[in-house]
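Accompanying notes for the structure given below.
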Amino acid sequence: MTVRAADPHDIDGLLALAAEVEHLFGPMVADPAFHAALHRTIARATALVAESGGTLTGASFTA
4 MTVRAADPHD IDGLLALAAE VEHLFGPMVA DPAFHAALHR TIARATALVA ESGGTLTGAS
64 FTA
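For the sequence shown, the positions run 4 to 66 when our numbering is used.
Structure representation (structure tokens):
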């Protein structure tokens, strides 16, 4: 597993991960504010992703 800063190419994978946990944390994928926060944290290099074999397995960021 590798942990690295997220980049714009990770957005689809990050949204897929968010969709998997919406039943725990509420709707995110369709929320424009979530998308804005995601883009903002990627631009600031404060979003992290964990990947294994080229697949995102986890992520962390604060809005």
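Glycine included, every Cβ here is placed at the ideal spot set by N, Cα and C.
In this structure, Leu18 sits away from Leu59, with a CB-CB distance that is not shorter than 8 Å.
Annotated three-state conformation of Ala40 is helix, per DSSP. One Cα belongs to Ala62, the other to Ala53, and the distance between them is close to 6 Å. Contact between Ala50 and Ala8 holds, with the beta-carbon distance rounding to 7 Å and staying under 8 Å. Listed in chain order, the non-local C-beta contacts of Asp13 below 6 Å within the same chain comprise Val52, local neighbours out to five positions each way being set aside. Within the DSSP secondary-structure output, Leu27 pairs in no beta bridge.
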